[in-house]
Structure formats: C-alpha cells, structure tokens
Amino acid sequence: MPGSPGSSPARRGAAALAPLATVAAAHIAPAATWLPVVRRLGLTRLAGVGRPDHVALTFDDGPDPASTPSFLEALDSLGIRATFFVLGDSVVRHPALAQETVRRGHELAVHGWSHNRPWFPDPAGDVRALRRAIGALRDVTGRRPLWYRPPYGILTSGRWAAAHAAGLRTVLWTAWGRDWTTRATPESVRSTVMADLRGGGTVLLHDTDRMSAPGCWRAALGALPAIVSGCREAGLSIGPLAEHGTALAARG
Numbered sequence: 061m062p063g064s065p066g067s068s069p070a071r072r073g074a075a076a077l078a079p080l081a082t083v084a085a086a087h088i089a090p091a092a093t094w095l096p097v098v099r100r101l102g103l104t105r106l107a108g109v110g111r112p113d114h115v116a117l118t119f120d121d122g123p124d125p126a127s128t129p130s131f132l133e134a135l136d137s138l139g140i141r142a143t144f145f146v147l148g149d150s151v152v153r154h155p156a157l158a159q160e161t162v163r164r165g166h167e168l169a170v171h172g173w174s175h176n177r178p179w180f181p182d183p184a185g186d187v188r189a190l191r192r193a194i195g196a197l198r199d200v201t202g203r204r205p206l207w208y209r210p211p212y213g214i215l216t217s218g219r220w221a222a223a224h225a226a227g228l229r230t231v232l233w234t235a236w237g238r239d240w241t242t243r244a245t246p247e248s249v250r251s252t253v254m255a256d257l258r259g260g261g262t263v264l265l266h267d268t269d270r271m272s273a274p275g276c277w278r279a280a281l282g283a284l285p286a287i288v289s290g291c292r293e294a295g296l297s298i299g300p301l302a303e304h305g306t307a308l309a310a311r312g
C-alpha cells in the first residue's frame, strides 16, 4: 500500500544495505584479535604462545638495507636467531639481504606483499598477494615460509582464509615494544616488552622504519641487549618461531 512503513524509501534502502553490512562485518570481525585482551581469551595459538621456557623473537616490515644489517650484526653478537616477517616487495628489491638473513640462521616469514590496510573485502586479491609474497620468498631463498602475520596485525576473514589455504600458520604476538613511534627509546621499548613478556611469549619488534617514524628502528636495536639479558636472567631461551613449540600441524 503506498505510503505504508514497509514500502518507504528508507526501509527499502536499509534492506538493500543489510547484505553489505553483513559482508563488511564478516570481513573485519577477526581484526578484533589485534586487541591483547581478545587474544588472551583462549586465542593463545594465534598470539604465538609456545614452550613455557622459550621466547620467540620476531621482527616486522623488512628487509631494509638501511637498518636490517644492524639487527643481523646485533643478533649475531648476542648469539640469537629470530623470525623476520618480511614484505614480498622488499624481498624482490633486496634479494641479497633476504638471502643473507637466512644464511645467518634466521627464519623468514610472510608479512604480505605490501604493507597495506585491508579497508574493503577483497578475498581474491588477498589470495593473489599472499601467493605472490610466498613465491618471492621461495624464489629468493629456496625455502617455503611457514608463518604469516598480517600488516598492522589486522587479521581479516579474507587474509586468514588466504593464509590457511596457503598452508601458513597465522601468528600475532604477546608483547611488543611500541618501537614505531617518534617517542620510542631503547628504555621505553625494553620496559614495554618486558611488562607483558612471559615464558612462551612472542615478541614483536621492527627492523625498519619503512612504515614508522624515521629512525625509530634505533630504539628497537638499542633495546635488544637488555631484552635478551632479561629473558636469560628469567631462565628463558630465545629463538625463532620454528623453535617455539607452536604446533605446526595446526594451521590457521
């Protein structure tokens, strides 16, 4: 009946938008795992919780010839190996640095092809970008990666599904250093990491300022000796995710 509430333009518009809202909600809902409190609610595997006597050390956003070599030297001097979540486009631009990272005993994992934000659902694009990044790592290093961490830690349904289909295990973190800000210092990074770090935890730092405040990587680099020392004093070993005891058979 003309003019009835059920046939009003507003009602018809709302009905047309409802499917889009459902798609958008399904796309972005997993991003809630970015919040530490959500990961603590039973999502320990996604957070990267492993052996209680071990800490996994991870770095995001490289490789970067302006900064990554300094981290490789520091890790060598500390006798530590780590997992580097790298961007495919950076690996293609700096293949020798990716190869050197592996040669020194570190593990390369996938951080995406580029460091973009997933504002809109694009499952086919997610699959293409992830396969492209995996292919770049395999072509440059001869090794297939095992792990995935989405840029900004924003996990969407499309990116989770793409990683799962590719056989990658998605891992976020339990402690980070907030080392990407202009205010970061070695002491602020150390104290922020150690405030949340427990045995079995996964630490997130950055070996480049590509997506961060210029020069902020020096704060993470400067904090490394104290973080390693604090872990060792607590009786914790430190290494890559491959040694962390995070069940590889359970993908996702």
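Residue numbers for the sequence shown follow my numbering, beginning at 61 and rising by one.
By construction, the Cβ of each residue, glycine as well, lies at the ideal position given by its N, Cα and C atoms.
In the three-state DSSP reduction, Asp269 falls in the coil class, being neither helix nor strand. In chain order, Ala235 place their CB closer than 6 Å to the CB of Asp256, counting only its own chain and leaving out the 5 sequence neighbours on each side. Annotated as distal: Ser289 and Trp240, with beta-carbon spacing of 9 Å or more. Secondary structure of Ile214 (DSSP, three-state): coil.
The beta carbon of Ala244 sits closer than 8 Å to those of Gly237, Arg238, Ala273, Cys276, Ala279 and Ala280, all from its chain and outside the five residues before and after it, given in chain order. A Cβ-Cβ separation of about 6 Å places Arg209 in contact with Leu232 under the 8 Å criterion. When DSSP states are grouped into helix, strand and coil, Leu135 belongs to the helix group. With contacts defined by Cβ atoms closer than 9 Å, Glu303 and Arg153 do not form a contacting pair. Gly260 and Val109 have their C-alpha atoms some 5 Å from each other. The stretch 107-166 contains, as complete alpha helix (DSSP H) runs of 4+ residues, the segments 128-138, 148-153 and 155-163 (chain order). Restricting attention to Asp267, Leu296, Thr242 and Leu228, the CA atom closest to the CA of Asp121 is found in Asp267. About 7 Å separates the CB atoms of Trp207 and Thr143; that is less than 8 Å, so the two are in contact.
Collapsing the DSSP output to three states places Trp207 in a strand. Listed as beta-bridge partners of Trp236 by DSSP are Leu264.
Within its own chain, the residues whose Cβ lies closer than 7 Å to the Cβ of Ala226, once the five positions on either side in sequence are excluded, are Leu190, Arg191 and Ile194, listed in chain order. Taking C-beta separations shorter than 6 Å and ignoring five residues to either side along the sequence, the partners of Leu117 in its chain run Ala142, Val263 and Ile298, following chain order. In terms of CA proximity to Ala286, Ser248 leads the group Ser127, Arg204 and Ser248. Boundaries of the alpha helix (DSSP H) around Ser251: Pro246 to Asp256. By alpha-carbon distance to Ser251, the top candidate from Thr230, Leu284, His224 and Asp269 is Leu284.
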